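Enquirer:
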Amino acid sequence: MRAHLCLIFLMTFVWTIEAYSQVLKIQGASQPVVDSVRKKYPHLFDKNSSLAEVDEIVRQLMSAGSFEKITAYQQSNGNILIDVQTLRRISGVQVRGHSIASAATIKDLLALKPSDRFERKAVMEAGERLKEFYGERGFYNTVVEVKFINTGESQVEILFEIEEREPCRIFGIEFVSPNKGLNDRLAKKLKKFYKDPLTTAMFQDIQKAIEEVLKKDRYLQASLGTPEISYNTDRTEARLKYTVKEPFRYDHYFYGSDQLSVFDLFRAINLDEMTLSSGDPVIEVTDKV
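Count along the sequence shown starting at 1, add 49, and that's the number in our numbering.
Rendered as structure tokens:
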């Protein structure tokens, strides 16, 4: 009988622990928020409270939309602690150390605006976009430091400090193919790009300049491989090496054209309309004639 009574007592004690918490405490919330909860549930701060009541308080706080995270757990002394993380918003975005672009351009790129919800991940992703922005313009060594400045209880100002450093510039463009004359002609033509920053746009300009030479000199099936790029130690100097495939020039001669003049044939062929590596130029020209 005594054993039976002990078992009933233990079961009742466990049920009591599960159904009731101890005195409630709220951490991380402003005093007005704590006061509003205390006003609605005054008894919970002075005596044991049920877990259902604690759940109701958490739901009430979440519905306010002012908190980023709310966690309720039981401390070692038995008290229930509601830990509140206030939802923070961006109070302002500042940029320092920039010279190659305006502050407005950089802020548009960052896409962070005052009153936006503050999310550290989004801010760091914006910093990476800023580094890519500089990299596309040849500034491979640029350092972007992000600082967070608390400007109020739930306000954060974001400061992007930029150390641009020296850009990477072109110090050589080399061409490799069995046609040494073509290699030298291309290298001479592209010397105008030396000491220019190695930007994404510059790659496109170089490609266009090479293709203009190839087309003008009738290297109609020539094509370029992806350039090999070598850098110096601090990546401020770059040398490009292009491989030219099919570096052979096409010439045209006319025989037996009694009905048409050479001028008429040239006009019919219209080599200016032909594109590099578009197909067999002999067949294309023959079809036009």
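Glycine included, every Cβ here is placed at the ideal spot set by N, Cα and C. Remember, predicted model here, so these are calculated numbers, not experimental data.
Compare the beta carbon distance of E223 and K290 with 7 Å and say whether it is the shorter of the two.
Expert: For E223 and K290, yes; Cβs fall inside 7 Å.
Enquirer: On the CB-based measure, 16 or more other CB atoms within 10 Å of its CB, does V192 come out buried or exposed?
Expert: Looking at its Cβ environment, which holds fewer than 16 other Cβ atoms inside 10 Å, V192 is exposed.
Enquirer: If you draw a straight line from the alpha carbon of N281 to that of F220, how long is it in whole angstroms?
Expert: If I take the Cα positions, the gap works out to 10 Å.
Enquirer: In this structure, does DSSP put S85 in helix, strand or coil?
Expert: In this structure, S85 counts as helix in the three-state DSSP scheme.
Enquirer: May I have the straight-line CA-CA distance separating E295 from I198, to the nearest angstrom?
Expert: Approximately 60 Å, taken between the alpha carbons.
Enquirer: In the DSSP assignment, find the unbroken alpha helix (DSSP H) run with G187 in it and report its ends.
Expert: Where G187 is concerned, there is no enclosing alpha helix (DSSP H), given that its DSSP letter is neither H nor E.
Enquirer: Could you please give me the residues that DSSP links to L100 through a beta bridge?
Expert: None; L100 has no bridge partner.
Enquirer: Whole angstroms are fine: how far does the CA of C217 sit from the CA of I139?
Expert: In a straight line, the C-alpha of I139 is about 35 Å away from that of C217.
Enquirer: Could you check what DSSP says for Q109 in three-state terms: helix, strand or coil?
Expert: If DSSP states are grouped into helix, strand and coil, Q109 belongs with the helices.
Enquirer: When you compare the CB positions of G77 and V133, do they come within less than 7 Å of one another, or not?
Expert: Their beta carbons are under 7 Å apart, which means G77 touches V133 by this criterion.
Enquirer: Express the C-alpha separation of N190 and L231 in angstroms, rounding to a whole number.
Expert: Whole-angstrom Cα-Cα distance: 35 Å.
Enquirer: Using a threshold of 7 Å, state whether the C-beta atoms of P246 and G184 are closer than that.
Expert: Not closer than 7 Å, so no.
Enquirer: Quick test of the definition: if touching needs 3 or more C-beta pairs under 8 Å, does the stretch 167-184 touch the stretch 252-269?
Expert: Flag = no, the stretch 167-184 and the stretch 252-269 do not touch.
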